[in-house]
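Right, one structure below, let's go through it.
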Amino acid sequence: MTQVTKKDDQEHLENLLRRFNRKVQQSGALTTARRRMYHEKPQSRTQRRQAALARQERKKAKIRKMYLGR
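Numbering (this note's numbering), first residue to last: 1260 to 1329.
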């Protein structure tokens, strides 16, 4: 989904960028690219919960080390 925007004669760069951005937004290419970039495999509820608990433990350990001065 490549958007080709050519500059017209006597057209300012700002107008060209505005036209290009409008075409990209209307085509939805940017939203699909962002959605694909952050796609995650589906996980079970227990796996998500375990991952969240592990993140919390790492955060607590980091805070403990900070208070101990290490």
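We put the beta carbon where it would ideally sit given N, CA and C, even for glycine.
Can you name, in chain order, every residue of its own chain whose Cβ lies under 8 Å from the Cβ of residue i, other than the five neighbours on each side?
i       : result
Leu1289 : Val1283
Gly1287 : none
What did DSSP end up calling residue i once you bin it into helix, strand or coil?
i       : result
Thr1290 : helix
Glu1299 : coil
Lys1324 : helix
Could you pull out every residue in the same chain whose Cβ sits closer than 7 Å to the Cβ of residue i, ignoring the five residues on either side in sequence?
i       : result
Lys1266 : Leu1275
Does the distance from the C-beta atom of residue i to that of residue j stay below 7 Å?
i       : j       : result
Thr1264 : Phe1279 : yes
Excluding sequence positions up to five away, which residues of its chain have a Cβ less than 6 Å from the Cβ of residue i?
i       : result
Arg1281 : none
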